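Below is one structure; the comments refer to it alone.
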Amino acid sequence: MSRHLRYLVPLAIFAVLAAFLYRGLSLDPKLVPSPLIDKPVPSFSLPTLKDPEAMISDTTLKGKVWMMNIWATWCSACRAEHEVLLHLARTGKISIYGLNYKDKRPAAIRWLQQLGDPYVANAFDEQGRVGIDWGVYGAPETFIVDKQGIIRYKHIGPLSIDIVNNEILPLILELESAAG
Amino acid sequence: MTPRRKKRLYLVSLIVIGVGIAAALGLNAFNENIMFFHAPTAVVQGEAPKDHVFRLGGLVTNGSVRRQPDGLTVLFDVTDNAETVTIQYTGILPDLFREGQGIVANGKLRDDGVFVADEVLAKHDENYMPPEVADALKTAHQEGVEKAAGNAAPQ
Amino acid sequence: MIPELGHFALILTLCLTLVLSIFPMIGSLNNTPAWVSLARPAAWGQFVFVAIAFACLLSSFLNDDFSVLYVAQHGNTQLPTIYKVSAVWGAHEGSLLLWALILSGWTLAVAIFSRDLPEEVVARVLSVMGIVSIGFLSFLIFTSNPFERTFPVPLEGGDLNPLLQDLGLAIHPPMLYMGYVGLSVAFSFAIAALVGGKLDAAWARWSRPWTLVAWVFLTIGITLGSWWAYYELGWGGWWFWDPVENASFMPWLAGTALIHSLAVAEKRGAFKRWTVLLALLAFSLSLLGTFLVRSGVLTSVHSFASDPERGLFILIFLCVVIGGSLALYAWRAPDVTSGGRFDLLSRETLLLGNNLLLVVITAFILLGTLAPLVYDALGWGKISVGFPWFNAMFVSFTPFLVVLMGIGPLTRWKHHDAGDLARQLRIAFLVSIAGGLIAASPLFHQASIGAGLAVMLSLWVVTTLLASIRLRLKHRDGLAAMGRDFLSRGGRSYYGMVVAHLGIAVFIIGVTFVSLFEVEEDIRMSPGQTAELGGYTFRFEGVQPHQGANYRADRGTIRVTKDGEEVTLLHPEKRTYLVQTKPMTEAGIDGRLMRDIYVSLGESLGRGDWSLRLYYKPFVRWIWLGGILIAVGGLLAASDRRYRIKVRRTVVDTAKSIRSKPLAAESRS
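Residue numbers (the numbering used here), protein chains in the order written: chain F, 1 to 180; chain H, 181 to 335; chain X, 336 to 1004.
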């Protein structure tokens, strides 16, 4: 009997290993729900991208359902999701505001000129301080905020048309129909 | 015990002892060679080792990069949005080192509180922050939020 | 249209693979010849359709079809054509498709080159490979579809990561995958043998050439990766004990143990259980490596997209394949009969020692690689295991391995007289010690025990190899006979061993000498200023802007002279690629056999001053030269005629024995 037990050792070692690997997957910060869900939008006040004199802040955005998209010209995944944003903007179902994150103003403006501008307005977060308040790890990230200014949804990584159709549009519908 | 059995026993014992010694040495050296990660808050609160190499990570504070006259030594601050530590590094900084970026440095804490780095690492993809740094920021943010809520409560 | 065709082809491939996995295996157990014979056609079908899928993705890249999301993310109209090709496997989804293509390629190869194997063995082997394919194909189709469309269609693609726009790195993944996937053949043979309950010398003989070829590819892939890191990353390093590198090194170590173990199993019928376990281990480590690189569980300088959801899929796949195979091992291995007996001093014992050392090293590397994960999971803090520990650990074990490597080929199977062996090793021993002492002394660069040890070990390998060749020639009369020996049966695998072991000796010299004697300096230089390093004079002649095909660069000029004679003009660059705007350092390297001179640009310090890193690296190319020799040795061994001749001999012998029987009976009476 003990002879047979000896041969189970490799399997036992693998089982322990697999347990650690499984645990390792759940430790990834991306898998952990954002602590900002169902919390109020972190207050911010930043110059807009196109006009440095004008300011944009969270208070001006209260009272409607809106989307915050964190993006930058140095982020290749942002370019990939840009078409999805343009498409979403054209449906007119939601106002998209952008947080231009740790970027250079001229490059960002040129990008929007060349590729199209899905944003109602962009906040220019050169230092990335506001991004940190939003718990941003990198770009792109997208948030949906309800009429009361509470964050209801966060997506890390580029948006795809599937995510827009299956997750975002239904959520927008739900939030719009709620009392304002 | 037959001679063959005896030889087998020698062989097996030799192997077991050999592997045992190797394992013991290896694990011992291991313990001394692992570097723990500490956020700036931990360092300021005195939780980081004083005489041992460790990893310090955070965001490079804007405007804090000061190049020294010799051209190769640079001083900069890292923060987890709660506390800040100054890092000194002599050498060529990695390409992706930038203010506002998350970095991790290996080195030791000097008596005057400056962290002298042997190595500064920035990941090969600006999209992604080193997870330890992200975690540290998250923790500091949560604690900060709690603190603010605690301050606001008496009203 | 074409992407949809590709997607459809993938689905068809999965269907055929399901047929391949299920019917032949069950047919071999039920004795249903009709099902068994499905194996080869199914293997063909699988390959054809996955090749079509691959061709579709390739065509999408070449035609800049940005309606395909993957192409939009990684392609670009300005990308040179060759990199449009390599962009196919430049990121997660495409590289998986490459895995699937290579896996079906190996499956087909086994189907074709196995005419002389019993049908039910072939059926089982192909079925197991099919099961592995199911995992990769489902992963592709359900979670990582490279043919996903994006709408609306972008005008321009995201461009391939500039780091990957390099020929060396373009070939590196295919080489590695050929190795990883090739190890699945040995794995499948092992499973087939466990299922059939027949673990004999024949099984070892069949597995050996396949395993050798896979191992050769893995060797080339790792060597290429190290070479690429050296010249492309700009920091002069060639191995970082990075989790991704370790993920490729561990299967290589297990593969090395496996090919040596197969030799024993084939020649002496011993170590059968060991060999089976190693075959399972080698491929399991390949799969584990794939998981580590793609799941985000470990952070590394160069891991793929980190996505925990995909990670879960791979983990489940790992559990099924590895867990299943180890369970099968636990069930069937005890019934395997033990092979030939051997004495304490015999080649078997030495090879056992070799295997043990390799497995222990692999275990330590696994420990070091996974430790950060274990510590984090147990809440013990966030750690990183440094370079020094891996190095110290590896360097502690290697000398023992090298000592055994020298003695082994000179030792006879089963039993060797100690006194005899000592006499044969005497000269080698003395020469090695003497050489080591001379190298350690201040006669050369500086007194160094490390250099002495390296020279001693390398000399040990070379002298014992010479002793072994001399012994072999003694029975074979001279150089001409050696030539015939080389071409004959049994000869190639011996010379393969010689070349591969020689490669190890060269590698040791390269690694040790560059680590001990390299000189590095970070320095601030103004135009016209000179610096001295390693006996060379470096004159900085300023930095000029420069325009490349799809990048903008700052190009430096450094004039290197020695004793007044110009040695070379180096042009290190700091490039910014137009699309992804990541800064990239291109080193200026003057490479010779005995030393490299290496310069990289740091940053502009104003007024034309720049920080520069200067390197003098002696013997660094010996590292990759060693790797190449090892690969060549493996190829030689794999091409050994006896793998083909033995079969023909069996047929001829059988025919002969039938004809000669009556004659024998006659002569006796």
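Note that the Cβ used here is the ideal one computed from N, Cα and C, for glycine as well.
Owing to the predicted nature of the structure, the values given are computational and were not obtained by experimental measurement.
query	result
Chain F residues whose Cβ lies nearer than 7 angstroms to that of GLY200 (chain H)	Correct list: empty, because the minimum Cβ distance to chain F is about 16 angstroms.
Cutoff 8 angstroms: LYS288 (chain H) Cβ touching any chain X Cβ	no
Proximal residues of chain F, C-beta to C-beta of ALA318 (chain X) below 8 angstroms	This structure does not reach residue 318 (chain X), given that chain X is present from 336 up to 1004, and the question cannot be answered.
Beta bridge counterpart(s) of ASP162 (chain F) as assigned by DSSP	DSSP lists no partner for ASP162 (chain F).
Straight-line gap, ASP752 (chain X) to THR746 (chain X) (C-alpha atoms, nearest Å)	9 angstroms
Pair within 8 angstroms by beta-carbon distance, GLY771 (chain X) and MET740 (chain X)	no
Partner residues on chain X for HIS155 (chain F), Cβ-Cβ distance less than 8 angstroms	None at all; the shortest Cβ gap to chain X is about 13 angstroms.
Closer than 8 angstroms to chain X by CB, PRO170 (chain F)	no
Meets three-Cβ-pair contact criterion under 8 angstroms: the stretch 246-264 of chain H and the stretch 215-227 of chain H	yes
Closer than 8 angstroms to chain H by CB, ILE37 (chain F)	no
Residues of the stretch 264-298 of chain H with Cβ closer than 8 angstroms to any Cβ of chain X, in chain order	THR270, GLY271, ILE272, LEU273, ASP275, LEU276 and ASN286
Min CB distance GLY149 (chain F) to chain H below 8 angstroms	no
Classification of LEU194 (chain H) by the beta-carbon crowding that lies within 10 angstroms, buried from 16 upward	exposed
Interface residues of chain X facing GLY206 (chain H) [CB-CB closer than 7 angstroms]	PHE699 and MET728
Where the alpha helix (DSSP H) containing HIS507 (chain X) begins and where it ends	502-531
Contact set between GLY24 (chain F) and chain H, taken where Cβ atoms lie within less than 8 angstroms	The premise fails here: GLY24 (chain F) is roughly 11 angstroms from chain H at the closest Cβ pair, so nothing lies under 8 angstroms.
Segment contact, 8 angstroms Cβ cut-off, at least three pairs: the stretch 570-586 of chain X with the stretch 468-477 of chain X	no
Neighbour flag for LEU195 (chain F) against chain X, beta carbons, 8 angstroms	Residue 195 (chain F) falls outside the range modelled here, since chain F spans only 1 to 180, and no answer is possible.
Alpha-carbon spacing of VAL895 (chain X) relative to ASP944 (chain X), whole angstroms	18 angstroms
PHE524 (chain X) beta carbon less than 8 angstroms from that of ALA614 (chain X)	yes
Interface partners of THR485 (chain X) on chain F, CB under 8 angstroms	ALA80, GLU83, VAL84, SER160 and ILE161
Spatial neighbours of SER43 (chain F) in its chain, beta-carbon cut-off 7 angstroms, leaving aside the 5 residues before and after	ASP58
Span separating the alpha-carbon of LEU928 (chain X) from that of LYS533 (chain X)	50 angstroms
CA-to-CA distance, ASP577 (chain X) to VAL636 (chain X), given in whole angstroms	Per-residue confidence for VAL636 (chain X) stands at a pLDDT of 42, beneath the threshold of 50, marking its modelled position as unreliable; the derived number appears in the next sentence. Spanning the two alpha carbons is a distance of roughly 7 angstroms.
Burial state of PHE821 (chain X), where buried means 16 or more other Cβ atoms lie within 10 Å	exposed
Check whether GLY514 (chain X) and PHE575 (chain X) have beta carbons under 8 angstroms apart	no
Other residues of its chain near GLY128 (chain F): CB distance less than 7 angstroms, five sequence neighbours each side excluded	TYR101 and LYS102
THR416 (chain X) classed as buried or exposed, judged by whether at least 16 other C-beta atoms fall within 10 angstroms	exposed
Minimum Cβ-Cβ distance from ARG246 (chain H) to chain X less than 8 angstroms	no
Spatial distance of LYS935 (chain X) from THR920 (chain X) (CA atoms)	A small fix is needed here, since residue 935 (chain X) is Ser in this sequence, not Lys. Answer to the nearest angstrom: the Cα atoms are 7 angstroms apart.
contact_flag[the stretch 362-377 of chain X, the stretch 477-497 of chain X] where n(CB pairs < 8 angstroms) is 3 or more	no
Proximal chain H residues relative to GLY128 (chain F), where beta-carbon distance stays under 7 angstroms	GLY280
THR352 (chain X) beta carbon less than 8 angstroms from that of SER468 (chain X)	yes
Backbone secondary structure at VAL854 (chain X) - three-state DSSP	strand
DSSP state of PHE143 (chain F) mapped onto helix, strand, coil	strand
GLU567 (chain X) beta carbon less than 8 angstroms from that of LEU498 (chain X)	yes
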